[in-house]
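Contents: one structure, followed by commentary.
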C-alpha cells in the first residue's frame with residue numbers, strides 16, 4: 004500500500020515568515036494529493052489539493068507543489084499569521100483511499 | 014446540510030465492553046470512511062465503504078466491524094473494547110476525491 008512520509012514533525016516560525024512542509028509518497032499510481040489543517044480538538048479540514056496533472060497550485064497565502072518524478076509534494080504558507088498555528092497533514096490517493104502523513108505541528112510566534 | 018455527524022462526542026468504556034459509534038451524512042455520498050487518530054499521530058484507515066451494502070478493511074481493522082445498510086449511515090462497532098482502542102475516531106464521506114470529516118468521537122477504554 005501507499006506510504007506517506009512527512010517532514011518536519013514540528014515547525015516554529017516567526018509571524019510573517021514562510022513555512023514549508025514536505026511529503027514523499029511511495030506509490031507511483033497516486034494521483035491526488037490533499038492537505039488538511041487540524042486545529043486543536045477539531046476535525047481535519049481540507050485547505051488545498053493538487054492532482055497529478057498539475058505541478059503547482061496556489062490559493063492566497065498557501066501553495067502546493069508536486070514533483071511526480073521524485074514522488075514528493077510540498078505545502079508553502081507565506082506571510083504566516085497566528086491563526087496558521089495548527090497541525091497540517093498531507094495525504095496521497097490513487098483512487099478513493101487516502102494515506103496520511105504523520106502530521107506537522109506548526110507554531111507561529113508573534 | 015448538516016454534513017457528517019457523529020455520536021457520541023465522548024465515551025468512557027470498560028475493558029471488554031462493546032459499543033457502536035454512529036456516523037451519518039446527508040450529502041448523498043457513496044464513499045464513507047472510518048479513521049482513528051492516536052495522540053500526535055496521523056489518521057489510520059479502519060474500514061471504508063464504496064456504497065450501501067459494500068464494506069472493506071482498511072489499514073487497522075482488527076477489533077472493529079462496520080455495516081452499511083443505507084447511503085446515509087456507516088456505524089462502527091467495537092465488540093470487546095481494549096485499552097489499545099483508546100483514540101479519537103473520525104468518520105468521513107467523500108465526493109470528487111475530497112473527504113469531509115465529522116467532528117470525531119473521543120473514546121477512552123479503561
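Chains as they are written, first to last, in our numbering: chain A, 4 to 113; chain B, 14 to 123.
Just so you know, even glycine gets a beta-carbon here, dropped at the ideal spot from N, CA and C.
{"query": "Please classify residue 105 (chain B): is it buried, with 16 or more other beta-carbons within 10 angstroms of its beta-carbon, or exposed?", "result": "buried"}
{"query": "Would you mind working out which of B:43, B:20, B:24 and B:117 sits nearest residue 67 (chain B), comparing C-alpha positions?", "result": "B:43"}
{"query": "Residue 91 (chain A) CB to nearest chain B CB: under 8 Å?", "result": "no"}
{"query": "Apart from the five residues on each side of it in sequence, which residues of its chain come closer than 7 Å, Cβ to Cβ, to residue 84 (chain A)?", "result": "18 and 111"}
{"query": "May I ask which residues mark the beginning and end of the beta strand (DSSP E) holding residue 40 (chain B)?", "result": "Taken as a continuous stretch (DSSP letters only), residue 40 (chain B) belongs to no beta strand (DSSP E), as it is neither H nor E."}
{"query": "Where do the ends of the beta strand (DSSP E) carrying residue 76 (chain B) lie?", "result": "No beta strand (DSSP E) contains residue 76 (chain B), which DSSP labels as neither H nor E."}
{"query": "Can you name the start and end residues of the beta strand (DSSP E) that residue 19 (chain B) belongs to?", "result": "17-20"}
{"query": "Hey, how far is the Cα of residue 90 (chain A) from the Cα of residue 101 (chain B)?", "result": "15 Å"}
{"query": "For a quick check, are the C-beta atoms of residue 79 (chain B) and residue 89 (chain B) less than 8 Å apart?", "result": "yes"}
{"query": "Give the DSSP-derived three-state secondary structure of residue 86 (chain A) in the structure shown.", "result": "helix"}
{"query": "Any C-beta of chain A sitting closer than 8 Å to the C-beta of residue 58 (chain B)?", "result": "yes"}
{"query": "Can residue 68 (chain A) and residue 58 (chain A) be called in contact, C-beta distance under 8 Å?", "result": "yes"}
{"query": "Would you check if the distance between the CB atom of residue 120 (chain B) and the CB atom of residue 24 (chain B) is smaller than 8 Å?", "result": "yes"}
{"query": "When burial is assigned at 16 or more other CB atoms within 10 Å of the CB, is residue 19 (chain B) buried or exposed?", "result": "buried"}
{"query": "Does DSSP put residue 109 (chain B) in a helix, a strand or coil?", "result": "coil"}
{"query": "Could you give the distance in angstroms between the alpha-carbon of residue 15 (chain A) and the alpha-carbon of residue 112 (chain B)?", "result": "28 Å"}
{"query": "Rank A:100, A:94 and A:106 by C-alpha distance to the C-alpha of residue 53 (chain A) and give the top, closest one.", "result": "A:94"}
{"query": "At 8 Å on the CB atoms, spell out the chain A contacts of residue 38 (chain B), in chain order.", "result": "By Cβ distance, chain A contributes nothing, its closest Cβ being about 13 Å from residue 38 (chain B), past 8 Å."}
{"query": "Just verifying my parser: in three-state terms, what is the DSSP assignment at residue 11 (chain A)?", "result": "coil"}
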